[in-house]
Amino acid sequence: MSSDSVIQEALSQFIMLRSPQELVHEFKTQTLNLEQIRQLVQVFDPNIPSEDIKHFYLKVITKFKSPEGITADIYQQIVDDEEFTLRAGSSNSYESLPLLKNIIRGVREKKVPIQRLYNFYDKNKDKELQDPEFRNLLEFFYVAITDAQFKKLREEFPDHPLSENVIVGLFEKWQEIVFENTQGDPQVILEAPSKTQNLLTVPKQNQTITLELTREEDERFKDFMGVDFKIPGVKELADLQKRCQQTQEIFTDPDFAPNVKSLGPKFSGNNWQRLQELFKGEQKVFSLDTQHDKSGVGLNKWISHRDICQGDLGDCYFMSTLSSIACKWPDQIKDLFPIQRANKFGVYGVKMCINGEWKVIPVDDNIPVKNGKIAFTKNSDKEIWVSLLEKAWAKVNGSYTNIDAGDPREVIKTITGGPVWLLLTNKPNFKENFITCVKQKCVMVTGTYSKNADYSAIGLEPGHAYSILNVKTVNHPQRGQVHLLKIRNPWARKEWKGDWSDESELWTPELKEQAGNTGRENDGIFYMSLDDYTKYFFSVFCGYFKTDYIYNSMRFNIKRNKGAYFGFEIKKEGEYFFAIHQESTRLYRSQPELKYDYSYVRLLLAKELQHGYEYIEGKFYKDIETHVGRVGVNFTPGKYILYIKIKWHVPSWNEHSVVLSTYGEQYVQLKEVPRDPFRPDQIKDLFPIQRANKFGVYGVKMCINGEWKVIPVDDNIPVKNGKIAFTKNSDKEIWVSLLEKTWAKVNGSYTNIDAGDPREVIKTITGGPVWLLLTNKPSFKENFITCVKQKCVMVTGTYSKNADYSAIGLEPGHAYSILNVKTVNHPQRGQVHLLKIRNPWARKEWKGDWSDESELWTPELKEQAGNTGRENDGIFYMSLDDYTKYFFSVFCGYFKTDYIYNSMRFNIKRNKGAYFGFEIKKEGEYFFAIHQESTRLYRSQPELKYDYSYVRLLLAKELQHGYEYIEGKFYKDIETHVGRVGVNFTPGKYILYIKIKWHVPSWDEHSVVLSTYGEQYVQLKEVPRDPNLVPQTMMHQVRSNNKVEEVLPGVMMKMDNNGNLGIGYIYYKNESTQQVNFETNLVNKGGCKLTKPERGYYFKSFIPPQGERLVTFTITPPITELSMPTLSHKLL
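full-length UniProt numbering puts the last residue of the sequence shown at 1132; the count rises by one with no breaks.
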């Protein structure tokens, strides 16, 4: 019998006990992974080798193209089909085999763990790779993968989320396919490791499992069965259990020791004792309830609300919540315990959602006792699950004293992870909302008023929490339809004595059957009508829980009153909830000086439309949890954005961390996005509020230091003698005044925006690249005409001093707008380039040729140029020849309404390079820029010595082997960019190298913004350093350098510098037939310095015949053609 048949038989026997659906559900997952299949198979035959099980598993997921694991349907097919066979793909049947061979060869050569690469390429830490990220990972091993190959490979597992386990499983599967299809290839056999070697090890779960399926208890409760080992604390608990088993040590929790501190001051008189001592080794985590629930089925026989008996501790809020959940969802209680069997080592753990994050809390079995009995909450039998849960809750909160009294919503959230809220019984819409919660099967805990004189007589306890176990509607012969609440006192005694109590005459046998009333006396469970309920209970603490809903969370820092934006996509219509979780006030009871309380949280949820956003829901709330999303209200598929703003209550918290969670029908990936990102095809105006309003509320969208944001402003404007003092519109429009005010706000004051560089403003308003043209440069006219043809934004400036300016109508040191350029044909002067220029003063114009009064104008020429002839409006025309005499510069910007802007801020250390990869999918213009903060922002800090820093950019295109140099820049300005107007990028993968020499002496590290601007969205990703980038791009330039010099016999040298990049090279080739060893010295350094690995100003070379040597050097600014070293060579 083959090993596959033996494994199939073992899996078939498991089906006799439970269906595949039940089995998969037992693991709390949608698929079974390799480790889980191994556990099941070895229950029946522990002698089956793990390696055989692994091969079987890989063949199954290959056959069914299910890299995430074995689903219930696949499991059923395996056991139903007696002729079920598995074959590994052959070279003839598996189309992607050649690609897989290359990938696995790369894996073996590079020997980098898949998990490490996965974590690197998962930049947003959402625990799922997107297709571009996955392709980057594959290209790490095999750079030549084509679009068609990747597409074909991806089609083998479409729509599967690429989690870490899936990726590791894929590489395991590919390794197996390559091995089994290349056994006859001597080269592959030579390269391949041993077949038994775990090249890519699937993370193993540390666990000890002994399953004897002769008893239901052994079938249902196992240690670490189906537990997600990625949850914080799970692996540590498994390691702890294994260590105690090996050392036979009984565990005492050092973080919550059995001492007075853990009891807290209120209960310091109690003692401690181990549960195994109290129950003489007969304790069980869960035990069968034969006394109360003989008819029970499933887990209700083992985990029930009847198990819970509250002790001396006032945590009725905690126990009532446990009762409500245990009544309907015993599976959820069971799954809180990774270790589900009592053990002599006292090692246990409880999974809890603490402040919005799931983690496992380890606990020992030391329990507070009083007079030899459990002092606090206990089970009704020798079960210990309730005591362990209570202990874990006490540990999380610091002591048992700290959990005396509380809010049931904390516990609902802690045990289920679902959203929570509060209903007040005195509200007009309470009954309607309550019935809705009943229909939606919410978790419900209720509380009585703190004072009521009638409580003692009617069997209720003031200020006490009760569980709402169920609600039934019955038809009474006289009273008609009655809503009956089934309520439980966690004390397991003292019940309601009014209508519908155990002794009430309103009950008939038929009504008891309708309500499910078994009539047990004094067990703490009672019924009461909804009308009576609203008289004596003041609130319902609600929670929404679905066993198949998926929880995801992330922790992030947020500043006081500074908004954060998170984008996400809903792919399947359904219910979803998004919540901000604050830390419980009980955690800060020992720090009164902090003045901790819940902070106000503002949430705004909107759906992205083609043009703008659709409001979905908002919330402004101060509580332990603030969420958006409503029970019974579905989200439709699409992209959404969530805005979060928190006003921290603690005075010293200007910034603090908080948890954002998602909960719903499918996994939702959250990504922090820039504040109101600018998309030219969606937002065409700088003014979000485009109508005047009596409230004076306005805003202006600006690209500040490379990042788009909206700056709110009011309508208070500086005036002088009752008139607007600064810039204004010519009519009653206010947009110019608002823009100027926003610019002043960004820069600190109106005084701070007095004088400046027009490029700052072009960038601020358009986001496009900016540069400077000087009119005295030989290439000016050619470059200027190019800018005109490309319809660039152009602002120009006059010289600061010129004696003629006054006479010719120009202002020295003044900025003007270039509105247009036209070419006209004059009868005598021929072709003339005419610039249409505007003085922002709206007066004082040029008086020379082509001015308003010039005799050069004819009606035909005016029509050609579009000259309307208005006088003294600040607009004038002048020829390009005259222009170059009186204006010294053109400040240019490139702006396209349909181009897309994207930016990211990152930290970079002084003189330490950073590398960013990206892919161009569509040929076109693209620009990549580093933005520095304006010098005007630091005018008030002269001691900082702020100035723009030198930035080195090197852009290269990835080739199959090496890189192709595209462009370089070494520049000191507010913006340094690569990319040229009119020059297209071809599709492919590129890498951008960035290095900054911070000018500020105290800045060893500082943040900077990197932006992209072009025809399509470009996604930037930081990638690992590649030391070959600079040498290989320099070598690309060497090939085009024809200046060859023989410096030693047979040794040819090329030397050049790339002034734009600030880097040069020295290249040698030995064309002789013998090895040449020599030393090179930089005699005249010329501002040059050798780069690593060379040091100093000399280096040695040992070049074999036909060998090459490349050495690079940097150039100290300012860079000229003379920035080259003088070399001397000496044979060794």
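C-beta atoms are modelled at their ideal positions from N, C-alpha and C, and glycine is treated no differently.
Is it buried or exposed for residue i, if we count other Cβ within 10 angstroms and need 16 for buried?
i: F545; result: buried
i: K801; result: exposed
i: I1115; result: buried
i: E236; result: exposed
i: V719; result: exposed
i: I167; result: buried
i: E925; result: buried
i: T1126; result: exposed
i: Y615; result: exposed
i: N379; result: buried
i: T1073; result: exposed
i: L604; result: buried
i: D126; result: buried
i: K334; result: buried
i: R759; result: buried
i: Q149; result: buried
i: V697; result: exposed
i: L670; result: buried
i: L774; result: exposed
i: K701; result: buried
Comparing alpha-carbon positions, which option in the options lies nearest residue i?
i: K535; options: Y449, E967, H464, P362; result: Y449
i: V736; options: Q666, V713, E573, K280; result: V713
i: C787; options: I308, D715, G982; result: G982
i: V79; options: S12, I103, H483, A238; result: S12
i: Q932; options: S940, Q941, Y950; result: Y950
i: G809; options: L773, I875, K822; result: I875
i: L1082; options: D223, F895, H1129; result: H1129
i: H833; options: S889, Y667, A865; result: A865
i: N343; options: K885, M1124, K242; result: K242
i: Y663; options: Y118, E357, V761; result: E357
i: Y948; options: L153, N561, W998, T1012; result: W998
i: E943; options: L774, P509, P1001, Y75; result: P1001
Check the DSSP bridge columns for residue i and list the partner residues they point to.
i: D1056; result: Y1065
i: residue 1134; result: Because the chain is modelled from 1 through 1132, residue 1134 falls outside the range shown and cannot be assessed.
i: N705; result: According to DSSP, which records beta bridges pairwise, N705 is partnered with nothing at all.
i: Y771; result: The sequence given here places Trp at residue 771; Tyr does not occur at that position. W771 is bridged to C892.
i: F556; result: V658
i: I1103; result: V1076
i: N379; result: I308
i: E1022; result: F916
Ends of the beta strand (DSSP E) at residue i?
i: I361; result: 357-363
i: W743; result: Premise fails: W743 lies in the alpha helix (DSSP H), 735-746, not in any beta strand (DSSP E).
i: S1007; result: 1005-1014
i: residue 1175; result: With the chain represented from 1 up to 1132, any question about residue 1175 goes unanswered, as that position is not in the structure.
Between which residues of its own chain and residue i is the CB-CB distance below 6 angstroms, once the five residues before and five after are set aside?
i: P56; result: Correcting the residue type first, residue 56 is Phe in the shown sequence and not Pro. Closer than 6 angstroms at the Cβ level, and outside the excluded window around F56, lie D4, I7.
i: S295; result: Model confidence at S295 stands at a pLDDT of 34, short of 50, so the residue's coordinates are unreliable and nothing is read from them.
i: Y640; result: F568, K607
i: I403; result: D315, W393, A394, N397
i: D52; result: S3
i: K1069; result: M1052, E1108
Short of 8 angstroms in beta carbon distance, which residues of its chain neighbour residue i, apart from the five on each side in sequence? Order them along the chain.
i: K922; result: P987, E1015, Q1016
i: S851; result: G809, E845, F876, Y877, M878
So, at 7 angstroms on beta carbons, what are the nonlocal neighbours of residue i in its own chain, with the 5 sequence-adjacent residues on each side left out?
i: M1035; result: L1110
i: T766; result: V793, G893, F895
i: D1004; result: K909, R910
Could you pull the start and end residues of the alpha helix (DSSP H) that residue i belongs to?
i: K151; result: 147-155
i: M1034; result: 1029-1038
i: I974; result: Where I974 is concerned, there is no enclosing alpha helix (DSSP H), given that its DSSP letter is neither H nor E.
i: Y544; result: Note, Y544: premise wrong, no alpha helix (DSSP H); not H, not E.
Do we get a CB-CB distance below 7 angstroms when we pair residue i with the residues of chain B?
i: R910; result: Included in the structure is just one protein chain, with no chain B present.
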